[in-house]
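Q: Residue numbers (our numbering): 1 to 364.
Listed below in structure tokens is the structure:
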């Protein structure tokens with residue numbers, strides 16, 4: 001961030017009755033982002049935290065949402081403008097949450113907070129303080145607080161999320177699933193494994209109801225359950241659950257990658273140029289980060305086993321190759337492809353899929 005964005009403002013110079021508050025802590029502001037000039041901070045530290053957490057990515061997107069709106073004489077024009085602003089806010093909510101969630105999976109808890117705070121403010125603006133749409137942002141803030149070692153703050157955010165859900169009888173199942181998962185994560189941090197397992201069972205139940213029992217979006221609960229049994233030395237149960245998690249991710253990633261490479265081959269036949277930014281098939285930012293975190297964790301466990309299961313290692317390595325492919329980290333794709341193709345017992349169908357991915361990369 002350049003020095004230009006550290007612009008000082010003077011509260012006494014604000015128009016009478018006007019208050020500008022810090023983006024992160026809501027204290028009176030004395031700094032402004034000079035790029036967008038609609039975002040304020042109480043000090044340089046908070047400005048830098050917000051910049052590196054989310055603001056750098058959304059700076060210009062905030063301008064149309066925060067500047068005073070000119071009068072439009074036509075009701076039709078006003079309705080269209082209102083609808084456009086609503087859609088922009090909804091898109092920004094999803095994007096900022098996705099960025100924050102990705103930072104959580106990467107273990108960068110401090111950087112997750114600004115995106116979650118931005119999404120929380122936008123939801124409050126649109127839906128009010130009682131909306132169940134607040135819950136995902138509360139959960140991200142709670143998990144970030146837990147990661148930073150502030151368990152009491154994490155509990156406070158979780159309590160806000162629980163209270164909001166209690167007041168929302170029609171709460172969507174994915175939100176219920178994530179709520180129980182986050183409650184369990186805090187209980188794991190406190191060493192209360194039995195209660196955590198009960199809440200993770202609820203997580204898996206609601207996720208399965210929404211997405212199906214074999215969907216990769218159910219795997220997060222199974223992964224945490226497996227980790228508990230692993231810590232307790234119940235290796236048979238942990239082993240079975242880790243296999244299930246890998247199988248879920250493998251099926252999903254294989255479907256996405258095969259569809260992406262098939263589309264590319266068809267475009268080549270038809271003479272169409274494949275545009276790298278089109279992303280007909282890819283992973284969401286948060287899903288990509290989750291896949292890396294989960295699969296690398298299991299991979300490390302498998303590689304350190306006394307008698308490694310080569311078939312399971314191959315499946316995980318294939319998963320990692322596909323994740324890096326979808327993330328456009330092509331050097332790592334080549335490394336895993338070389339590793340897999342060096343195996344004499346490699347399945348021919350898998351070998352063919354690997355070669356198709358490499359062909360796709362070389363056509364770029």
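For every residue, glycine included, the Cβ atom is placed at its ideal position computed from N, Cα and C.
Go through its chain and collect everything with a Cβ distance to residue 144's Cβ below 6 Å, but skip five positions before and after it.
A: In the chain shown, the residue the question calls residue 144 occupies position 144. Excluding residues within five positions, the ones whose Cβ falls inside 6 Å are 109, 112 and 113.
Q: Of all the options 165, 72 and 300, which has the alpha carbon lying nearest to the alpha carbon of residue 130?
A: As a position in the chain shown, residue 130 is number 130, starting the count at 1. Checking every option, the nearest Cα to that of residue 130 belongs to 165.
Q: The alpha helix (DSSP H) that contains residue 26, what's its start and end?
A: Here residue 26 refers to the residue found at position 26 when the chain shown is read from its first residue. Segment: none, residue 26 is in no alpha helix (DSSP H) and carries neither H nor E.
Q: Nearest by alpha-carbon distance to residue 157: which of 134, 169 and 177 is it?
A: As a working mapping, residue 157 is identified with position 157 in the chain shown. Of the listed residues, the one whose Cα sits closest to residue 157 is 134.
Q: With DSSP as the reference, label residue 41 as helix, strand or coil.
A: Position 41 of the chain shown, counted from the start, is the residue given in the question as residue 41. Strand.
Q: Beta carbon of residue 123: closer than 8 Å to some heavy atom of the ligand GDP?
A: Among the ligands in the structure shown, none appear at all, so the ligand GDP cannot be discussed.
Q: If you draw a straight line from the C-alpha of residue 150 to the C-alpha of residue 27, how long is it?
A: Working through the chain shown from its first residue, we reach residue 150 at position 150. Working through the chain shown from its first residue, we reach residue 27 at position 27. Distance between the alpha carbons of residue 150 and residue 27 is about 21 Å.
Q: In three-state DSSP terms, what is residue 182?
A: As a first step, residue 182 must be located in the chain shown, where it is residue number 182. Helix, per DSSP.
Q: For residue 304, which of helix, strand or coil comes out of DSSP?
A: Position 304 of the chain shown, counted from the first residue, corresponds to residue 304. It is coil, neither helix nor strand.
Q: So, do the stretch 208 to 220 and the stretch 188 to 199 have three or more beta carbon pairs nearer to each other than 8 Å?
A: No, the stretch 208 to 220 is not in contact with the stretch 188 to 199.
Q: Taking the C-alpha atoms as reference points, what is the distance between residue 202 and residue 119?
A: The count along the chain shown starts at 1 and reaches residue 202 at position 202. The count along the chain shown starts at 1 and reaches residue 119 at position 119. The straight-line gap from Cα to Cα measures roughly 26 Å.
Q: Give me, in chain order, the residues of the same chain whose beta-carbon lies closer than 7 Å to that of residue 409; leave out the 5 immediate sequence neighbours on both sides.
A: Examination of residue 409 is not possible in this model, given that the chain is present from 1 through 364 alone.
Q: DSSP three-state call for residue 293: helix, strand or coil?
A: One-based indexing of the chain shown puts residue 293 at position 293. Helix at residue 293.
Q: Exposed or buried, residue 146, counting other C-beta atoms within 10 Å across all chains shown (16 or more means buried)?
A: The sequence position of residue 146 within the chain shown is 146, counting from 1. Counting Cβ neighbours within 10 Å, residue 146 comes out buried, since at least 16 surround it.
Q: What is the DSSP secondary structure of residue 88, counted as helix, strand or coil?
A: For the purposes of this step, residue 88 is taken as residue 88 along the chain shown, with counting starting at 1. Residue 88 falls in the helix class under three-state DSSP.
Q: So, helix, strand or coil for residue 335, using DSSP?
A: The sequence position of residue 335 within the chain shown is 335, counting from 1. Helix, per DSSP.
Q: Measuring alpha carbon to alpha carbon, tell me which residue in 262, 105 and 155 is nearest residue 356.
A: Translated into positions along the chain shown, residue 356 becomes position 356. Taking only the C-alpha atoms, the option nearest residue 356 is 262.
Q: Run through DSSP, which three-state label would residue 315 get?
A: On the chain shown, residue 315 is found 315 positions in, with the first residue counted as 1. Three-state result, residue 315: helix.
Q: Pick out whichever of 34, 245, 8 and 40 has its Cα sitting closest to the Cα of residue 20.
A: Taking the chain shown and counting its residues from 1, the one referred to as residue 20 is at position 20. Checked all of 34, 245, 8 and 40; the closest Cα to residue 20 is 40.
Q: Do the CB positions of residue 204 and residue 245 come within less than 9 Å of each other?
A: Stepping through the chain shown from its first residue, residue 204 is reached at position 204. Stepping through the chain shown from its first residue, residue 245 is reached at position 245. No, Cβ-Cβ distance for residue 204 and residue 245 is not below 9 Å.
Q: Tell me whether residue 7 sits in a helix, a strand or coil according to DSSP, three-state version.
A: Taking the first residue of the chain shown as position 1, residue 7 is located at position 7. Strand.
Q: Between which two residues does the alpha helix (DSSP H) holding residue 202 run?
A: Within the chain shown, residue 202 is the residue found at index 202, counting from 1. Where residue 202 is concerned, the enclosing alpha helix (DSSP H) stretches over 193 to 211.
Q: Decide if residue 67 is buried, meaning its Cβ has at least 16 other Cβ atoms within 10 Å, or exposed.
A: Stepping through the chain shown from its first residue, residue 67 is reached at position 67. Residue 67 should be labelled exposed.
Q: Compare the C-alpha of residue 94 against each of 69, 54 and 83 and name the closest.
A: Looking up residue 94 in the chain shown gives position 94. Answer by Cα proximity: 54.
Q: If we call anything under 9 Å between Cβ atoms a contact, is residue 289 one with residue 249?
A: Within the chain shown, numbered from 1, the residue matching residue 289 stands at position 289. Within the chain shown, numbered from 1, the residue matching residue 249 stands at position 249. Contact: no.
Q: So is residue 96 buried or exposed if we call it buried at 16+ other beta carbons inside 10 Å?
A: To locate residue 96, count along the chain shown from 1; it is residue 96. Result: buried.
Q: How about residue 167 and residue 126: do their beta carbons lie closer than 9 Å?
A: Your numbering for residue 167 matches position 167 in the chain shown. Your numbering for residue 126 matches position 126 in the chain shown. Result no, Cβ atoms of residue 167 and residue 126 do not sit closer than 9 Å.
Q: Helix, strand or coil for residue 260? Go by DSSP, reduced to three states.
A: Position 260 of the chain shown, counting from 1, holds the residue named residue 260. Residue 260 falls in the helix class under three-state DSSP.
Q: Which of helix, strand or coil does DSSP assign to residue 280?
A: Taking the chain shown and counting its residues from 1, the one referred to as residue 280 is at position 280. Low confidence applies here, because residue 280 scores a pLDDT of 47, under 50, leaving its location unreliable; read the following figure in that light. Coil.
Q: In whole angstroms, what separates the C-alpha of residue 305 from that of residue 232?
A: The residue given as residue 305 occupies position 305 in the chain shown. The residue given as residue 232 occupies position 232 in the chain shown. Going by the C-alpha atoms only, they are around 17 Å apart.
Q: If you measure between the beta carbons of residue 317 and residue 339, is that distance less than 9 Å?
A: Taking the chain shown and counting its residues from 1, the one referred to as residue 317 is at position 317. Taking the chain shown and counting its residues from 1, the one referred to as residue 339 is at position 339. Going by C-beta atoms, residue 317 is nearer than 9 Å to residue 339.
Q: Keeping to the same chain, check which residues put their C-beta closer than 6 Å to that of residue 153; ignore five residues upstream and five downstream.
A: One-based indexing of the chain shown puts residue 153 at position 153. Here the set comprises 145.
Q: If you count every other CB in all the chains shown that lies within 10 Å of the CB of residue 33, and 16 or more means buried, which is it?
A: As a first step, residue 33 must be located in the chain shown, where it is residue number 33. Buried, since its Cβ has 16 or more Cβ neighbours within 10 Å.
Q: Could you have a look at residue 57 and say whether DSSP puts it in helix, strand or coil?
A: Start at 1 with the first residue of the chain shown, and residue 57 comes out as number 57. In the structure shown, residue 57 sits in a helix (DSSP, three-state: H, G or I).
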